[in-house]
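Using the numbering used here, read the sequence shown as starting at 9 and increasing by one per residue.
Note that the Cβ used here is the ideal one computed from N, Cα and C, for glycine as well.
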Amino acid sequence: MTGSSCAIRRPWTILDGRLSWKLMLSHVAVALLTLTLVICAYAIRAIVLHGDDILLGHTVRYDPDFAQSTRLLAQLLPPHLTQEKGSPDSLTLLLRDLGAGAVPGSGPLGGSLNEHTGIVVVSVNGTVLSAAGVPELQVGDELEALPLPEWREAFQAALAGSQDLAQGGPLIRPAADGTVLVSAYPIRDSTGMLLGAVGLRTQPLATAPSSWLAALVTLVLGLGLVIGDFLVTAAIPAVLVSLPASLLLTRRMTRQLRELEAATDAIVRGELDRRVAVLTRDELGHLAERFNLLAIALERLEGQRRAFFANVTHDLRTPLTLIRAHAEALLERARPRDSSVRDGLERILAETDTLSRLVDDLFTLARLEERGLPLFLQPISVEDILADVVETLRPLARRAGRIAFSLDVEPGCPPLQGDPLRVRQIVLNLLHNALRHTPEGGVIRLTARREGAYVVVRVTDSGCGVPAEILAHPFTRYQPSSDPVRGSGLGLAVAKQLLEMQGGEIWIESQHGEGTTVSFLLPVATRDSSAAMATPGE
9 MTGSSCAIRR PWTILDGRLS WKLMLSHVAV ALLTLTLVIC AYAIRAIVLH GDDILLGHTV
69 RYDPDFAQST RLLAQLLPPH LTQEKGSPDS LTLLLRDLGA GAVPGSGPLG GSLNEHTGIV
129 VVSVNGTVLS AAGVPELQVG DELEALPLPE WREAFQAALA GSQDLAQGGP LIRPAADGTV
189 LVSAYPIRDS TGMLLGAVGL RTQPLATAPS SWLAALVTLV LGLGLVIGDF LVTAAIPAVL
249 VSLPASLLLT RRMTRQLREL EAATDAIVRG ELDRRVAVLT RDELGHLAER FNLLAIALER
309 LEGQRRAFFA NVTHDLRTPL TLIRAHAEAL LERARPRDSS VRDGLERILA ETDTLSRLVD
369 DLFTLARLEE RGLPLFLQPI SVEDILADVV ETLRPLARRA GRIAFSLDVE PGCPPLQGDP
429 LRVRQIVLNL LHNALRHTPE GGVIRLTARR EGAYVVVRVT DSGCGVPAEI LAHPFTRYQP
489 SSDPVRGSGL GLAVAKQLLE MQGGEIWIES QHGEGTTVSF LLPVATRDSS AAMATPGE
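Rendered as structure tokens:
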């Protein structure tokens with residue numbers, strides 16, 4: 009279940025973690041939303057203008073071919089109306105021949121003249137002279153006998169002299185609920201005298217009865233085709249254009265954000281001299297400027313802090329040396345029976361040693377941060393340096409509660425490669441920590457073994473172990489603790505940095521109630537190893 013939910017959330021997690029994707033997708037989304045609104049407006053307009061035609065049935069309002077045919081017929085008929093041999097019957101035959109021989113056109117009604125077209129010719133006074141395709145009308149009938157009122161109005165306008173056959177004009181009109189078109193046009197001779205008028209009625213528009221649901225489906229399909237065509241012609245090109253444009257914009261915006269991110273990581277690593285380039289004068293440019301100001305302020309504060317530690321450690325060395333010298337002199341002159349005085353002086357010497365070691369750690373740390381601590385790497389006898397440190401601390405161990413040391417160096421253990429002074433400082437720090445946590449009468453064990461290309465040294469105490477919250481970050485400087493015996497944590501932090509500078513490592517293993525083991529390793533010295541000098545920057 010957990011894997012399934014993670015798989016479902018993975019795309020959103022990727023999107024949440026990339027600002028460039030958000031910017032690019034939002035740009036494309038705005039473009040598509042704009043197109044969607046345009047499509048909706050286009051569809052609404054189509055529904056408003058043509059929805060009734062689709063839902064209520066097919067209608068026709070105008071046919072330019074039909075208008076032109078009416079005008080041409082009016083120009084053809086004057087000779088036939090002025091001939092004496094002309095008669096209504098011969099005129100009717102002419103009209104029928106015109107309709108039968110016509111070729112269907114391309115208009116919405118299948119053309120202007122065909123066998124189903126109604127043709128009527130009236131005189132100047134409105135009397136029907138001839139009719140073809142209109143069975144309900146007879147020669148001699150008046151205009152009122154025309155089957156459609158729109159047709160009568162068109163004839164009246166033509167007899168009044170109108171010649172406007174444009175859409176919406178008086179001479180061509182839809183009739184019978186838009187299923188037919190009717191027209192009329194004045195007939196004039198060569199002198200312009202009005203001879204009468206001719207009118208056309210188209211064949212009825214082919215309509216099949218359909219349900220409201222079928223009409224709605226037709227409307228939806230029609231809109232779907234329109235929208236699909238619009239997507240192909242507009243949406244896809246818009247996406248193809250907006251994607252590269254948004255990609256260029258987001259790359260420009262995120263480039264400086266990535267530089268800020270990299271510079272922030274560098275500041276976290278301690279590279280306080282890191283700066284970012286100000287590429288623009290917008291909000292991102294202002295942010296880069298503020299970041300540089302922040303880095304300058306941090307660098308200044310860090311320099312002041314280092315200078316403070318260096319000055320403090322230097323100024324504390326002289327009074328500590330004087331205190332120790334006077335305490336040792338008083339202890340030599342103290343009488344053996346003055347046990348309370350001797351105990352007090354020994355306590356002063358012990359605390360002086362602790363404070364001196366803390367000052368040494370602070371001084372070492374300050375030089376490490378300034379990259380000014382030189383290292384003289386050379387082969388070191390593991391047994392000799394461990395034995396020397398044990399002998400140095402044995403009096404302190406007796407005073408701390410008769411704590412014993414156990415030293416076990418593997419026979420034939422090769423020398424390690426390191427700086428003798430700094431390796432001794434590391435071992436001293438680890439043994440001082442062990443003394444603080446070992447109860448009275450306890451034992452501190454030191455072992456040294458070769459493991460591959462390294463020599464591993466382990467310091468094990470018999471104390472109560474390290475609390476879990478401290479064991480998670482054992483090498484943090486100035487780590488606060490409710491245990492006053494634990495100290496400031498500087499010793500382990502300094503030991504870690506010194507070991508890393510010499511190519512070594514350090515780690516801690518501890519269980520509550522079973523003591524703690526601090527282990528470190530350094531490379532085995534090679535045969536051709538000679539004294540070498542190294543600095544933290546190398």
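- By DSSP's assignment, V526 forms a beta bridge with V467, I516.
- According to the DSSP assignment, A139 belongs to the beta strand (DSSP E) that extends over 136-140.
- By alpha-carbon distance to I356, the top candidate from A476, H445, L167, T329 is T329.
- Between V467 and A442, the CB-CB gap stays under 8 angstroms.
- In the DSSP assignment, I195 is bridged to G204.
- For D416, the enclosing beta strand (DSSP E) has its first and last residue at 412-417.
- Residue pairing by DSSP puts L189 in a beta bridge opposite P182.
- Setting aside the 5 residues that flank it on each side, V397 is surrounded in the same chain by R432, V435, L436, L439, each with a C-beta closer than 7 angstroms to its C-beta; the list follows chain order.
- Cβ neighbours of G236 within its own chain (closer than 7 angstroms, five residues either side excluded): none.
- For G426, the three-state secondary structure derived from DSSP is strand.
- From the listed residues T125, L500, V249, the smallest Cα separation to E513 is found for L500.
- Under the three-state reduction of DSSP, Q164 is assigned to helix.
- Contact annotation: L415 and L454 have beta-carbon atoms nearer than 8 angstroms.
- Between S518 and V474, the C-beta gap is smaller than 8 angstroms, which places the two residues in contact.
- In the three-state reduction of the DSSP assignment, G293 falls in the helix class, which pools H, G and I.
- For P86, the enclosing alpha helix (DSSP H) stretches over residues 86-90.
- In terms of Cβ geometry, L373 and L498 form a close pair [threshold 8 angstroms].
- If the five residues before and after L137 are omitted, its C-beta is found closer than 8 angstroms to the C-beta atoms of L89, P96, L99, V129, V130, S131, V147, G204, all from its own chain and listed in chain order.
- Leaving aside the five residues that flank L101 on each side, none in its chain has a CB nearer than 8 angstroms to its CB.
- In the three-state scheme derived from DSSP, where H, G and I count as helix and E and B as strand, V390 is classed as helix.
- When DSSP states are grouped into helix, strand and coil, G409 belongs to the coil group.
- Following the DSSP letters along the chain, one finds E459 inside the beta strand (DSSP E) bounded by residues 451-459.
- Under DSSP, I304 takes part in no beta bridge, so it has no partner.
- Annotation for G126: the continuous beta strand (DSSP E) segment containing it runs 126-131.
- Between V464 and the set L173, E522, E307, V390, the nearest pair of CA atoms involves V390.
- Straight-line measurement puts the Cα of L363 at about 20 angstroms from the Cα of F483.
- Secondary structure note for L479: its alpha helix (DSSP H) is the uninterrupted segment 476-479.
- Considering only E158, E354, I195, the residue with the shortest C-alpha distance to N133 is I195.
- Assigned with DSSP and collapsed to three states, V532 falls in strand.
- Going by DSSP, V147 is part of no alpha helix (DSSP H) at all; its letter is neither H nor E.
- About 11 angstroms separates the Cβ atoms of L202 and Y193, ruling out a contact at the 8 angstroms cut-off.
- Residue range 498-509 is occupied by the alpha helix (DSSP H) that includes Q505.
- Per DSSP, Y70 has no beta bridge partner at all.
- In this structure, the beta-carbon distance from A335 to L324 does not fall below 8 angstroms.
- Two segments are said to touch when three or more pairs of C-beta atoms, one from each, lie closer than 8 angstroms; by this definition the region 286-296 touches the region 254-274.
- D427 counts as buried, since at least 16 other C-beta atoms from the protein chains shown sit within 10 angstroms of its C-beta.
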